[in-house]
Amino acid sequence: MRVWLCGVRGSTPAPGPEFVRYGGNTSCVAVAHDGERPSLVLDAGTGIRALSRVLDGPFVGSILLGHLHWDHTQGLPFAPAFDHEGASVTLFQPAQGDPVTVLGRAMSPPHFPIEPGQLRGTWSFVAMEAGEHAIDGFSVLALDIPHKGGRTFGFRVTDRSGRSLAYLSDHWPISLGGGPDGLGEYHPAVLALCEGVDLILHDAQYTADELPARAEWGHSAIEYAVGLADRCGSSLLLYHHDPNRTDDALDALVAPFAGHSPSIGAAVEGTVLDL
-1 MRVWLCGVRG
9 STPAPGPEFV
19 RYGGNTSCVA
29 VAHDGERPSL
39 VLDAGTGIRA
49 LSRVLDGPFV
59 GSILLGHLHW
69 DHTQGLPFAP
79 AFDHEGASVT
89 LFQPAQGDPV
99 TVLGRAMSPP
109 HFPIEPGQLR
119 GTWSFVAMEA
129 GEHAIDGFSV
139 LALDIPHKGG
149 RTFGFRVTDR
159 SGRSLAYLSD
169 HWPISLGGGP
179 DGLGEYHPAV
189 LALCEGVDLI
199 LHDAQYTADE
209 LPARAEWGHS
219 AIEYAVGLAD
229 RCGSSLLLYH
239 HDPNRTDDAL
249 DALVAPFAGH
259 SPSIGAAVEG
269 TVLDL
């Protein structure tokens, strides 16, 4: 499995010189079988624009939206490989009504010049239910996880070789209770998604010190993600960085985890990983 980190920022893009090394584009991760082009995309934040350069042609495959907040959908009409006459895209989103109507609430006039059905190429829009799905040769487990403002999925993606990735871009475990560390519950869905995977990409928008003032904002603490990775025996990349978190601040946050086993780091836009 090859994984491209196209956008790793949360909430809103973060342009400027203080955000260059880790990147300022919002959530998007592309996945490919070994030796193949990316055919599975997780979220369509502004980072999806960069994927067009990797593809060098129209995209053929599927997009999985974990939820429909702006930072996870804003890139859809701006990615040339996707808004392309030759593109063939199946877009899955958590079931909560007609998928075109729901997506179109933010992507249609007067909020935006075009509607989802006006994207070029061949597009299918699917209301996805929780459970196991076979998508483009991948086994995808989609499970409801807590987040604020609409139904939200976390994903576990496994390729033909058995390599696996857990993707929980936005996760609000404190809403289920304090859990053993006061940072949120390690609930059954999150454990099912993450246990034993090769890599976890997990919401790490806040620190434990920041969480009390922002406990109702729908995200996780870095220390919760680390505790989850330790429980599951999986490597971890902290993801969905706060838009105000500078490169230097992220360096300082991950420095204490040098040499940690399993490995812990911060997701960097533009990174390509082979699992």
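Our numbering puts the sequence shown at residues -1 to 273.
We put the CB at the ideal spot given by N, CA and C, even for glycine.
These numbers come from a predicted model, not from an experiment.
Can you check whether the CB of residue j is closer than 8 Å to the CB of residue i?
i: residue 81; j: residue 117; result: yes
i: residue 73; j: residue 43; result: yes
i: residue 194; j: residue 159; result: no
i: residue 28; j: residue 47; result: no
i: residue 199; j: residue 165; result: yes
i: residue 49; j: residue 4; result: yes
i: residue 264; j: residue 226; result: no
i: residue 157; j: residue -1; result: yes
i: residue 167; j: residue 201; result: yes
i: residue 24; j: residue 51; result: no
Helix, strand or coil for residue i per DSSP?
i: residue 21; result: coil
i: residue 57; result: coil
i: residue 269; result: coil
i: residue 48; result: helix
i: residue 171; result: helix
i: residue 257; result: coil
i: residue 213; result: coil
i: residue 66; result: coil
i: residue 40; result: strand
At what residues does the beta strand (DSSP E) containing residue i begin and finish?
i: residue 142; result: 136 to 142
i: residue 29; result: 26 to 30
i: residue 6; result: Element bounds for residue 6: n/a, residue is neither H nor E.
i: residue 14; result: Careful: residue 14 lies outside any beta strand (DSSP E) and carries neither H nor E.
i: residue 263; result: 262 to 264
Contact criterion: CB-CB distance below 8 Å. Does residue i meet it with respect to chain B?
i: residue 156; result: Within the model displayed, chain B is absent; a lone protein chain is all it includes.
Assuming residue i is part of the alpha helix (DSSP H), what are its boundary residues?
i: residue 220; result: 220 to 230
i: residue 155; result: Looking at the DSSP string, residue 155 is not in any alpha helix (DSSP H); the run it does join, the beta strand (DSSP E), is 151 to 156.
i: residue 236; result: Counting along the chain, residue 236 falls outside any alpha helix (DSSP H), though it belongs to the beta strand (DSSP E) covering 233 to 237.
i: residue 102; result: 97 to 102
i: residue 190; result: 186 to 192
From the DSSP output, read off the bridge partner residues of residue i.
i: residue 113; result: In DSSP, residue 113 forms no bridge with anything.
i: residue 121; result: 87
i: residue 165; result: 153, 199
i: residue 126; result: 92
i: residue 1; result: 29, 271
i: residue 248; result: Bridge partners of residue 248: none, in fact.
i: residue 131; result: 138
With three or more beta-carbon pairs closer than 8 Å as the criterion, would you say the stretch 161 to 174 touches the stretch 119 to 132?
no
If you pair each beta-carbon of the stretch 42 to 59 with each one of the stretch 173 to 189, do three or more pairs fall below 8 Å?
no
Check whether the stretch 27 to 46 touches the stretch 252 to 263, taking contact to mean three or more Cβ pairs, one atom from each stretch, closer than 8 Å.
Counting Cβ pairs under 8 Å, fewer than three are found: no touch.
Three or more beta-carbon pairs under 8 Å between the stretch 136 to 152 and the stretch 92 to 110, yes or no?
yes
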